[in-house]
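Undergrad: Here's a structure for you.
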Amino acid sequence: MDLYQKTSRWKIYLFLVGIIILLIPWLFANYLAKKLQEGEQKKMQIYARTMEELTRNTDNQADFTFHQQILASLKDIPILAVSETGRVVDVINCNFSGDTVSLLKEFKSTGIPPIESFGYARYIYYKHPQTMQLLNYFPWFQLILLVAYALIGYAVFNTSRREEQNRVWVGMAKETAHQLGTPISGIMGWIENLRMSDDITPEEREEILKELQKDSFKLQQVADRFSKIGSKPELTASSLREQLLMCKEYMQARSPKTIEYEFFAHSDCDPQVMINSNLFQWVVENILRNSLDAMDGKGKISVDCIDEKTHIDILIKDTGHGIPSSKHNAIFRPGFTTKQRGWGLGLSLAKRIIENYHKGKIFVKESKIGEGTTFCIQLPVYQA
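Have a look at this one:
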């Protein structure tokens, strides 16, 4: 329910941001248009006063020169001079076909009040220049572009989201099978061992039952891990060394004998960290399993930790094929895989578990083709 509420809330926020983005240039365009209209009105008032002076002093050459200068400054503004009886006496800066009645109606239809004059014309009508008209259309043009952009973006976003959801579902199915595969294979192996053994000793029976119990517990862990995805897990102070050694014990028992495990060979680091034990072990096992796949049944896995004062670095190194530098970030994306089955969501979930739940980081620290890869998990230092 919270997820849907958050999604709806974000849609409202995005809608409001879109309205604001639209309103700002709209208001600015209206502000500019208003200022330009005020400037035009002042120019027309000056023109009307000049015409009055020119009518009174027809012999004044200076007034005539000033009149010409005023007309030059109004070259973009269509002007219509009308007498008190309603007869058009002058047409300036507009195409005139000879039909003064239609022309006067056109000027009046703009809704711009005429400037009153007492010169050779009683009323001076004018229209906004073409640039002003374009400025008025600009917000509508911008609205069309924004709507088109929003529709295209929405379509692309929906398509991308559907594809990612499909990758997540496919990856989740593969990861579930991958997680269940190891303990189920172990259980089936022990059952087959029991079936083939006619004279099994009590000690051997006890050992088999112990291993069956481990695999059954592992199945329970897998179910618990998937149930915690999407919820807020509880974190407890735990020994990092102990957690890593538990992962080693489980994976080593299910790995080929040709795989060498080396834990804490270069340090005796054993800090306390705030983790969810089940989810953290899932992350480590994911990386270890990935390392096993990369080594083709033979090689070495080294695990160590370094106390960096502000955080703990957990280094997991293998001698596998290596990862190209161009894919260091891509391997953590949902659905990314280079294998036909199994992986596709493991590292994506590992990243989510470490970064979202444990407030840490996980990344490829170093990788060389043909030599191996070092993963780094960073966890905050526990402060009691």
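In our numbering, the protein residues as written are 766 to 1149. All C-beta atoms in this analysis are idealised placements derived from N, C-alpha and C, irrespective of residue type, glycine included.
#1: Return the chain-ordered list of same chain residues with a C-beta closer than 7 angstroms to the C-beta of F1097, the five sequence neighbours on each side being excluded.
#2: Determine the direct distance from the alpha carbon of S1091 to that of Y778, and round the result to whole angstroms.
#3: Can you tell me where the beta strand (DSSP E) holding C859 begins and where it ends?
#4: When you compare each of I889, I1071, I786, G1064 to T1138 by their alpha carbons, which one comes out closest?
#5: Do K983 and P948 come within 8 angstroms of each other at the CB atom, strictly closer than that value?
#6: Can you check DSSP and say which residues form a bridge with L1143?
#7: Looking only at its chain, what residues have a beta carbon closer than 7 angstroms to the beta carbon of A1002, apart from the 5 residues adjacent to it on each side?
#8: Applying the criterion that 16 or more other CB atoms from any shown protein chain within 10 Å of the CB defines a buried residue, is E1136 buried or exposed?
#9: Along the chain, which unbroken stretches of the alpha helix (DSSP H) at least 4 residues long are found entirely within the stretch 965-1031?
#10: I need the DSSP call for G1107, collapsed to helix, strand or coil.
#11: I need the straight-line Cα distance from W775 to R887, nearest angstrom please.
#12: Taking L1005 and I1077 to be in contact with their CB atoms under 8 angstroms, please state how far apart those CB atoms are, rounded to whole angstroms.
#13: Should P1145 and K1130 be called a contact, given that it needs their Cβ atoms to be closer than 8 angstroms?
#14: Take every Cβ of the stretch 1050-1065, pair it with every Cβ of the stretch 1017-1037, and state whether three or more of those distances are shorter than 8 angstroms.
#15: Please report the distance separating the alpha-carbon of V1048 from that of I1119.
#16: Within 10 Å of its beta-carbon, does L1044 have 16 or more other beta-carbons around it, so buried, or fewer, so exposed?
#17: Residues in the same chain with beta-carbon distance under 6 angstroms from P843, minus the five sequence neighbours each way, listed in chain order, please.
#18: Of the choices I889, I789, S1132, F861, whose alpha-carbon is the least far from that of Q806?
#19: Per the contact definition of three or more C-beta pairs closer than 8 angstroms, is the stretch 864-884 in contact with the stretch 843-852?
#20: Ends of the beta strand (DSSP E) at Q1037?
#21: Please report the straight-line C-alpha distance between L792 and F903, rounded to a whole angstrom.
#22: Among the residues of its own chain, which have a CB less than 7 angstroms from the CB of E929, if the five just before and after it don't count?
#23: Between L1053 and F922, what straight-line distance do the alpha-carbon atoms span, to the nearest angstrom?
#24: Which residue wins for smallest C-alpha separation from S1067, given the options N1051, E1073, I1134, F1140?
#25: Looking only at its chain, what residues have a beta carbon closer than 7 angstroms to the beta carbon of L781, apart from the 5 residues adjacent to it on each side?
#26: Which residues mark the beginning and the end of the beta strand (DSSP E) in which K1065 is found?
#27: Does DSSP put G1137 in a helix, in a strand, or in coil?
#28: Considering only residues of the same chain and omitting the five flanking positions on each side of P879, which have a CB-CB separation below 7 angstroms?
TA: So, from the data block:
#1: L1112, S1113, K1116
#2: 35 angstroms
#3: C859 -> no beta strand (DSSP E), and no H or E assigned at all.
#4: G1064
#5: yes
#6: Sequence inspection shows Gln at residue 1143; the Leu mentioned does not correspond to that position. Beta-bridge pairing links Q1143 to D1078, K1126.
#7: Q1037, M1039, Y1147
#8: exposed
#9: 967-993, 1005-1018
#10: Reliability fails at G1107, whose pLDDT of 42 lies under 50, so the model's placement of it is uncertain and the value that follows must be treated cautiously. Looking at G1107 - three-state DSSP - the assignment turns out to be coil, as it is neither helix nor strand.
#11: 60 angstroms
#12: 7 angstroms
#13: no
#14: yes
#15: 8 angstroms
#16: buried
#17: N858, C859, K892
#18: I889
#19: yes
#20: 1037-1040
#21: 11 angstroms
#22: P1099
#23: 35 angstroms
#24: F1140
#25: none
#26: 1064-1072
#27: strand
#28: Y888, I889, Y890
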